[in-house]
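Step one of this worksheet: look at the structure below.
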Amino acid sequence: MKKAPFLIYLFLISICAFPQGKAHREIISFTTVDSSKEGDETIATVGNVRISAKEFIYGYEFGPAFVKREKDSKKKYLNFLINEKLLALDGYSRGLDKRDEFKTYASAIKGDLVTEELYIDDIMKRTNVSEDEIENGANQKLITLKIKWLYADSENGIKEFQDKLKAGYSFDSLFSAQLNDKIFADQRSMEVDRFNLGDKNPGFAAIVDSLKINQISLPIHTPDGWYIVRVENLYREVIPNETEVIKNKYDAKQAIARNKMDSASAVYVNAIMNGQNPVIQRGAFTILRSYIAKYSLPDDKYKEWNLEKRLNAVLDSLKLKNKDDYKNLELVKMNKSSITLNDFLLWFQFRSENIKLNQTTLKGFSVSLENVVWRMVRDGLLSEIALSRGYENRESVKEQSRWWNDKIMFAVVRDELGQSLSVADEIKTGKNNDEKSDVEFTKKLLHKVNKLKQTTKIEINEKLFSKIKVDAENDKRAIETYTVKPGGSFPRPAYPSIDLYWKSWE
Numbered sequence: 424m425k426k427a428p429f430l431i432y433l434f435l436i437s438i439c440a441f442p443q444g445k446a447h448r449e450i451i452s453f454t455t456v457d458s459s460k461e462g463d464e465t466i467a468t469v470g471n472v473r474i475s476a477k478e479f480i481y482g483y484e485f486g487p488a489f490v491k492r493e494k495d496s497k498k499k500y501l502n503f504l505i506n507e508k509l510l511a512l513d514g515y516s517r518g519l520d521k522r523d524e525f526k527t528y529a530s531a532i533k534g535d536l537v538t539e540e541l542y543i544d545d546i547m548k549r550t551n552v553s554e555d556e557i558e559n560g561a562n563q564k565l566i567t568l569k570i571k572w573l574y575a576d577s578e579n580g581i582k583e584f585q586d587k588l589k590a591g592y593s594f595d596s597l598f599s600a601q602l603n604d605k606i607f608a609d610q611r612s613m614e615v616d617r618f619n620l621g622d623k624n625p626g627f628a629a630i631v632d633s634l635k636i637n638q639i640s641l642p643i644h645t646p647d648g649w650y651i652v653r654v655e656n657l658y659r660e661v662i663p664n665e666t667e668v669i670k671n672k673y674d675a676k677q678a679i680a681r682n683k684m685d686s687a688s689a690v691y692v693n694a695i696m697n698g699q700n701p702v703i704q705r706g707a708f709t710i711l712r713s714y715i716a717k718y719s720l721p722d723d724k725y726k727e728w729n730l731e732k733r734l735n736a737v738l739d740s741l742k743l744k745n746k747d748d749y750k751n752l753e754l755v756k757m758n759k760s761s762i763t764l765n766d767f768l769l770w771f772q773f774r775s776e777n778i779k780l781n782q783t784t785l786k787g788f789s790v791s792l793e794n795v796v797w798r799m800v801r802d803g804l805l806s807e808i809a810l811s812r813g814y815e816n817r818e819s820v821k822e823q824s825r826w827w828n829d830k831i832m833f834a835v836v837r838d839e840l841g842q843s844l845s846v847a848d849e850i851k852t853g854k855n856n857d858e859k860s861d862v863e864f865t866k867k868l869l870h871k872v873n874k875l876k877q878t879t880k881i882e883i884n885e886k887l888f889s890k891i892k893v894d895a896e897n898d899k900r901a902i903e904t905y906t907v908k909p910g911g912s913f914p915r916p917a918y919p920s921i922d923l924y925w926k927s928w929e
């Protein structure tokens, strides 16, 4: 069986967008499960593991589309979930939760869950959006702007445009002249409502606000280059219908709240970081950079940047005698603690598939790696604060930790089965026959699941199950999307769901 790395296997899980629609009082759906007592009721038990209605609904809605396209899709999803719980129970019974890979993943996810609680308490709950702000934002959404601009990547380039405008060239002729087979008109123009423009680029919006229709701006410098802007047109929707008013107010409130929370979060994190005064140690960072580059860069680039020579120079200056000595080097020093090279490498190992380093230049690579180190420091400090407040004892954290632990244990057992088959195949044949291994793996897993079903009591609450309403059921048009939860201290879907592997059982 051809195996993906454990991290990819566990976390590249298909999830769907949030469903819309009204929930009937007699059903349990995504929109009602949090406020419904029935959401916490048990829909099924697998041995001593319970599956709540909430776990089922969240997993289904964020789960892969293949099962939603089938007949009786709810029941099929539940059956696959029961299979995963059976395999997880097998892992627990054999003490696989003592393995480093299980403990590392479980700890990382718990850290992310408690950090979310910290964010809710210290940022989200303290963020207020006034009615005036909402009203102003909703009104701005009724204003549509048509904007064109001239662009240059240097000050001299934009000065040439400015000089030509002064000499009598029309803006339209210069605008057309910058277009070619690689640069299209929609890359130098936009039609956007005033609110979204301000939401995405407040500085740019402020300059647009200062211009009259067809007035040409002075050169504007931004991090990505230079601009000269003209507002082509501006029109306002005079009488929006009631639905538009409600939607505009909702969208404005969400965007304003998000921006306020982002700003408050940045201030909050900076205060925590400054309180600990973290400092990256240059020698240890040079060792880290060469080590990461050795595995992530092409060989020719690694040689071109002289990273081996730079590494040896640092190792000689530090007079390190063995490998353990440099693993214990302090990478980051803080007021009350430190992070070693080994600490970082363990943290990085379980996130590497979701971290992209700049490989354009040595400076770009170094800066992007430094940013990853700072991210680790930030996440660690936030998790420490959250744990010190006892957030791991909150019911929402304990509940979701149980879901994720079962998912991780299933992955450990499945990975173990696949690995043993691949090794056995290689020993017998001297090579890894992927197609044959896939078939053999499925047979082996099917046999194990059936054996576990014979020795494990499984009960389904059919009455509760019948009340569950899902967004896409028996829907041949269900679309597969792949999303990883943004932000947080560990990349993951919002909720665990069944594995894509079960598609091969259909």
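Each residue of the sequence shown is one higher than the one before, starting from 424 at the first, in my numbering.
Note that beta-carbon positions come from the ideal geometry of N, C-alpha and C, so glycine has one too.
None of these values were measured; they are calculated from a predicted model.
Quick one: grab the DSSP three-state call for residue i.
i, result
"S860", "helix"
"I669", "helix"
"I662", "coil"
"N367", "No answer is possible for residue 367: it lies beyond the span of the chain, which begins at 424 and ends at 929."
"S577", "coil"
"V552", "coil"
"R517", "coil"
"R915", "strand"
"S920", "coil"
"V456", "coil"
"I606", "coil"
"K821", "helix"
"V415", "Outside the shown range of the chain, which is 424 to 929, sits residue 415, and nothing can be said about it."
"F485", "coil"
"W925", "helix"
"T865", "helix"
Could you tell me the distance, in whole angstroms, from the CA atom of residue i to the CA atom of residue j?
i, j, result
"Y924", "W728", "41 angstroms"
"L565", "E558", "11 angstroms"
"V661", "A895", "38 angstroms"
"E882", "V796", "47 angstroms"
"E933", "K871", "Nothing can be reported for residue 933: it is not among the residues displayed for the chain, which extend from 424 to 929."
"P663", "I639", "31 angstroms"
"V631", "I679", "20 angstroms"
"R812", "N765", "27 angstroms"
"K867", "L840", "8 angstroms"
"W770", "D748", "19 angstroms"
"K413", "K548", "The chain is shown only over 424 to 929; residue 413 falls outside these bounds and no answer can be derived."
"K926", "K526", "28 angstroms"
"V456", "I474", "14 angstroms"
"T763", "F479", "41 angstroms"
"F441", "Y481", "Residue placement at F441 is poorly supported in this model, since its pLDDT is 26, which falls under 50; the coordinates still yield a value, given next. The straight-line gap from Cα to Cα measures roughly 10 angstroms."
"V737", "N700", "24 angstroms"
"K750", "Q823", "34 angstroms"
Residue i: buried (16+ other C-beta within 10 angstroms of its C-beta) or exposed?
i, result
"V790", "exposed"
"W928", "exposed"
"A694", "exposed"
"V702", "exposed"
"M832", "buried"
"R517", "exposed"
"D739", "exposed"
"K892", "buried"
"R915", "buried"
"S920", "buried"
Per DSSP, residue i is paired with what?
i, result
"A529", "Paired residue(s): none; A529 is not in a bridge."
"T468", "R473 and E882"
"Y814", "Partner(s): none; Y814 has no beta bridge."
"N559", "BP columns for N559 are empty, so no partner."
"M613", "I570"
"T645", "G648"
"K756", "V702 and S761"
"R653", "K571 and I639"
Taking residue i as the reference, which of the options has the closest Cα?
i, options, result
"S713", "R733, E539 and L573", "R733"
"V690", "Q823, N735, Y814 and R801", "R801"
"D609", "R705, Y592, V490 and W572", "W572"
"T784", "A809, S806, E822 and D723", "D723"
"D545", "N828, T879 and A687", "A687"
"G706", "I669, E793, I532 and L752", "L752"
"A575", "Q601, E556, K569 and A590", "Q601"
"D861", "I474, D838, N873 and K874", "D838"
"K821", "N502, I532, Q704 and G787", "I532"
"N897", "N735, N502, Y673 and F489", "F489"
"I643", "A529, K726, R653 and I636", "R653"
"S530", "S577, G648, G803 and A675", "G803"
"R817", "K926, A834, E539 and D674", "E539"
"T878", "I466, K498, G621 and L512", "L512"
"K582", "K623, W649 and Y483", "W649"
Does residue i have its Cβ less than 8 angstroms from a Cβ in chain D?
i, result
"L519", "Reference to chain D is not applicable here, since this structure consists of a single protein chain."
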